[in-house]
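*Asks:* Quick note: the sequence shown uses my numbering, first residue 18, plus one each step.
Note that the Cβ used here is the ideal one computed from N, Cα and C, for glycine as well.
Could you have a look at this structure, given as structure tokens, before my questions?
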Amino acid sequence: MKLHLSAAMLSAMALTLGGCATAVPPVEVTRFHSAAPTGWAAGTHYVVDTVPLGDAAAPDGVGVGASGPSLEWDSYRAAVERQLQLQGFVPAENGARAPLKVRIGFDRADRNAGVGKRSPVSVGVGGSTGSYGSGVGLGIGINLGGGGSKWMLDLQLAVRIDDAATGQALWEGRALTAVSAKAPAAQPSLAAAKLADALFKGFPGESGRTITVK
């Protein structure tokens, strides 16, 4: 059964989270788009793919994410859907078809755990532009350290909007920040709200440019 998040539910969650969102350090954002999202009319319907972006079951394996939907993924989904609806997009009714398919992924990596690491995933529509960590896209230009704490978490949100009929990527973005593991901002719901807000700031954004959102 697909979960349908109403606008009222999303707004309530946003109000709950809004008070602490500013505690998150600066967010580094990169967006790419091959078609002009500004041409999408207000009221365009979308559906959210329940396979997280980056899951092995996803058709192209692009992105970062958890293995299957989880409560944490639901926090990111709620945050992303709120931003989509602020842009004028409308969620399709359960089971209904829509012209846009939205895929969401996230990554939470503990710098000191040894096993936590940033995934060398593609950054760019269709995975053809470059890769994170290679000098293109995220992680470049700002110090993402969050104060003096030695226990830090790298948090990343990835969103891709596809043409549902063809599977072609229309818009893709990544948002990255680092927070102290003991800070309130490390809570999944708060991190999701901040990253999603930064990712959709000035939507669709300048394609291929990395910006810092405070």
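1. Alpha helix (DSSP H) containing glutamine 173: first to last residue?
2. Let me confirm a value: arginine 177 is counted as buried when at least 16 other C-beta atoms fall within 10 Å, else exposed. Which label applies?
3. Taking all protein chains shown into account, do 16 or more other C-beta atoms lie within 10 angstroms of the C-beta of lysine 211, making it buried, or fewer, making it exposed?
4. Do you know offhand how far glutamine 102's Cα is from proline 108's?
5. Which same chain residues end up closer than 8 Å to leucine 117 when comparing Cβ atoms and leaving out the 5 residues on each side of it in sequence?
6. Does glutamate 223 come out as helix, strand or coil in the three-state DSSP assignment?
7. Would you give the residue range spanned by the alpha helix (DSSP H) that glutamate 89 belongs to?
8. Does DSSP put alanine 203 in a helix, in a strand, or in coil?
9. Can you look up lysine 118 in the DSSP assignment and give me helix, strand or coil?
10. For alanine 209 and glutamine 100, I'd like the C-alpha separation in whole angstroms.
11. Mapping the DSSP letters down to three states, classify aspartate 127 as helix, strand or coil.
12. Give me the residue from Ser197, Thr183, Thr227 with the minimum Cα distance to arginine 191.
13. Just the Cα atoms here: how many angstroms apart are lysine 231 and serine 197?
14. Can you grab the Cα-Cα spacing for the pair alanine 200 / glycine 184, in whole Å?
15. Less than 7 Å between the C-beta atoms of arginine 125 and leucine 172, yes or no?
16. Can you give me the C-alpha to C-alpha distance between histidine 50 and aspartate 66, rounded to a whole angstrom?
17. Grouping DSSP H, G and I as helix and E and B as strand, with all else coil, what is leucine 193?
18. Compare the beta carbon distance of glycine 122 and proline 42 with 7 Å and say whether it is the shorter of the two.
19. Spatial neighbours of phenylalanine 217 within its chain, please: CB distance less than 6 Å, with the 5 preceding and 5 following residues excluded, ordered by chain position.
*Replies:* According to the data block:
1. Glutamine 173 -> not in any alpha helix (DSSP H); beta strand (DSSP E) instead, spanning 169-180.
2. Classification for arginine 177: buried.
3. With 16 or more other CB atoms across the displayed protein chains lying within 10 angstroms of its CB, lysine 211 is buried.
4. So the alpha carbons of these two residues sit roughly 8 Å apart.
5. If we look at leucine 117 and ignore the five residues flanking it on each side, its Cβ neighbours are Trp57, Thr61, His62, Tyr63, Val64, Phe106, Ile178, Asp179, Asp180, Ala181, Leu187.
6. In the structure shown, the three-state DSSP call for glutamate 223 is coil.
7. Glutamate 89 -> alpha helix (DSSP H) spans 88-103.
8. In the three-state scheme derived from DSSP, where H, G and I count as helix and E and B as strand, alanine 203 is classed as helix.
9. Judged by DSSP in its simplified three-state form, lysine 118 adopts strand.
10. Between the alpha carbons of alanine 209 and glutamine 100 lies a distance of about 11 Å.
11. Strand.
12. Among Ser197, Thr183, Thr227, the Cα nearest to that of arginine 191 belongs to Thr227.
13. Cα to Cα, the separation comes out at about 16 Å.
14. Our two residues, alanine 200 and glycine 184, have alpha carbons roughly 39 Å apart in a direct line.
15. Going by C-beta atoms, arginine 125 is nearer than 7 Å to leucine 172.
16. Spanning the two alpha carbons is a distance of roughly 19 Å.
17. In the structure shown, leucine 193 sits in a strand (DSSP, three-state: E or B).
18. Their beta carbons are not under 7 Å apart, which means glycine 122 does not touch proline 42 by this criterion.
19. Taking phenylalanine 217 as the centre and dropping the five residues before and after it, the same chain places the C-beta of Gln100 closer than 6 Å to its C-beta, in chain order.
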